[in-house]
Amino acid sequence: MLIVSCKSKSENQKVDKKLPRIAIAGIGIESSTFSPAQTHEEAFHARIGDSIFGRYPFFKEGSAIRKRAQWIPTFLGKSLPGGVVTREAYESMVKKTLKMLKENGPYDGLWFDIHGAMSVVGLEDAEGDLIRRIREAIGTHVLVSTSMDLHGNVSERLAAHSDLITCYRMAPHEDALESKERSITNLLERLESGKGKPKYKAWIPVPILLPGEKTSTRIEPGKSLYAKIPDVEKMDGVIDAAIWIGYAWADEARNHGVVMVTGDNEEQVTEGAEKLANAFWDVRHKFEFVAPVAGFKESLKMALASKERPFIISDMGDNPTAGGAGDVTWTLQKLLNRSEFKSADGPNLIYASIPGPNLIEEALKVGVGGEVSGQAGALVDDRYAPPLKLEGIVTAIKHGDRDAEVEVVVKIGSIHVIVTKKRKPYHHEVDFTDLNLNPRDAAIVVVKIGYLVPELYDMRKGWIMALTPGGVDQDLERLAYRHIKRPMFPLDKGNEKPDLSTRLISASDKLK
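Each number in the working numbering comes from the position in the sequence shown (counting from 1) with 11 added on.
This is how it looks when you write it as structure tokens:
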């Protein structure tokens, strides 16, 4: 095939007409329906047109993938996990997506890049609704490859409108870019070969609903379960195989595990899907938390007793990387009340983080070195503790973060509290060092997170996941589910095996 440098339509350069025309679109977020927070459009930091290429290294100018098609990037919005998306925000983003898709067609393919756990006010199955409306704009003949997080949800409608579909195979998601690239190369290969839509799509719902903190692929049984996927993928007539854990903190009928296998050989596709679905069900009782878990009081006791640093405490219940509001003050209130941290020479503890626009405003007035007093937290989720009045010395101020906008460090006794204008998860060492904090030298680091991302995991000398309250409570039995399908493991204790036989999903151009 003739290889040329390909540009999007907006770049107004000649392209080889033989190259497939592939659009790019997607809206991605993980949203908790058990949090009072709502997510607005600005949280998605939308990329429009050619700016989308900058998000992915495999789309860089001159790359092999960039050369294999005429790419037409449209609208891509990706938000931090959070609360339910407002209907106004969703409709606005969908309108922009559809407008650009209609203006720039026709297409041979669409790369549909989503998370899969978006909840929208007044709407069931948001991603299913989105892809259905996209299909109305681009037609059912277009080959759609859907790329997802393994904590997303695959409804039957999403499966039907997707021709190719895959998700990550690692949690934490160290293979995120690799998985996205796989979804693109699968799409390109089907277009270049002329094979088009796969003949068979196997979809098997698995009635298991577990948090990511219990299903990490770092440990068993998740490690061995996901290790079975490549063997299925290698089977003759199979294009891709995937296991979705699903998202535990939303209450919709689509929230449960799913296995999908796509390909051209019915027997192999069916056999592979049922093999994975049964393997998933058979290990359901073996899933455990990826790290030791305890109540907060016991977690802090362990951290204070540790002689190695840093000892990391995961403040799990309000984890903004899973959909928590990120501003629950319950844990910070407990820390500030502890006598160990009252004096400046107490155990060095970093708390990351709490939103506090009022405190930020006051800190900017006094500057670094000044004494500050202001309120922080509980503007969104005050169910467990009220806003806190923080009084201390400003040790750092940083402007310009994409998520936080402004970050301030306030030292209160021996605690360094990171206060943000808007919520931000702290994943990387540079997040701390940019604020003149050295997490490796701290006695204790408390982060609003569940399982640790690779940088924090490699940094830790001790680690406990604390069972704290919030919108992503790890005790699922305390959550008031009303809409999920029952029975559901582990919420229901019955041992009867569900029907894990393959449901073959119609091709998108065969839907009635």
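Where is the CB? At the ideal position from N, CA and C, for every residue including glycine.
To the nearest angstrom, report how far apart residue i and residue j are at their CA atoms.
i    : j    : result
L134 : S103 : 15 Å
P366 : L198 : 42 Å
D160 : D251 : 15 Å
K212 : V339 : 43 Å
E99  : P368 : 25 Å
P84  : D119 : 14 Å
K508 : H439 : 42 Å
T342 : T479 : 7 Å
S190 : E52  : 26 Å
Y437 : I76  : 32 Å
P398 : G385 : 10 Å
V405 : M313 : 29 Å
T226 : P232 : 8 Å
G388 : G150 : 47 Å
S460 : R451 : In the sequence as presented, Ser is not what sits at residue 460; that position holds Ile. Roughly 18 Å between the two C-alpha positions.
S317 : Y468 : 17 Å
Q344 : T97  : 30 Å
N289 : R168 : 23 Å
M111 : L490 : 40 Å
V420 : E402 : 11 Å
I145 : S350 : 57 Å
Quick check on residue i: buried or exposed, where buried means 16 or more other Cβ atoms within 10 Å of its Cβ?
i    : result
V441 : exposed
N449 : exposed
T444 : exposed
V379 : exposed
D242 : exposed
E263 : buried
K208 : buried
K234 : exposed
G127 : buried
E41  : buried
L220 : buried
R413 : exposed
K521 : exposed
E373 : buried
E382 : exposed
N266 : buried
A355 : exposed
Which residues bound the beta strand (DSSP E) around residue i?
i    : result
K208 : Segment: none, K208 is in no beta strand (DSSP E) and carries neither H nor E.
L175 : 175-178
S384 : 382-387
R146 : No beta strand (DSSP E) holds R146; the alpha helix (DSSP H) holding it covers 137-149.
E407 : Sequence inspection shows Ala at residue 407; the Glu mentioned does not correspond to that position. Start and end: 399-412.
T332 : T332 -> no beta strand (DSSP E), and no H or E assigned at all.
A427 : The sequence given here places His at residue 427; Ala does not occur at that position. Start and end: 426-431.
Identify the continuous alpha helix (DSSP H) that holds residue i and give its terminal residues.
i    : result
M159 : No alpha helix (DSSP H) contains M159, which is instead part of the beta strand (DSSP E) from 154-159.
M313 : 307-316
H162 : Here H162 belongs to no alpha helix (DSSP H), and DSSP marks it neither H nor E.
D7   : Lying outside 12 to 523, the shown extent of the chain, residue 7 is not represented and no answer is given.
Helix, strand or coil for residue i? Go by DSSP, reduced to three states.
i    : result
P366 : strand
M327 : helix
H184 : coil
H296 : helix
W341 : helix
T444 : helix
S227 : coil
F352 : helix
D251 : strand
F123 : strand
R265 : coil
E416 : strand
G39  : strand
V391 : coil
R193 : helix
M271 : strand
K110 : helix
V280 : helix
V132 : coil
L360 : strand
A290 : helix
K422 : strand
R32  : strand
R514 : strand
V377 : helix
F322 : strand
Is the beta carbon of residue i within less than 7 Å of some heavy atom of the ligand MN?
i    : result
V464 : With respect to the ligand MN, the structure shown offers nothing to examine, as it has no ligands at all.
In the segment 58-104, which residue ranges form an unbroken alpha helix (DSSP H) of at least 4 residues, counting only runs that do not cross its ends? 75-78
What are the start and end residues of each continuous beta strand (DSSP E) run of 3 or more residues lying completely inside the segment 454-494, in chain order? 455-458, 473-477
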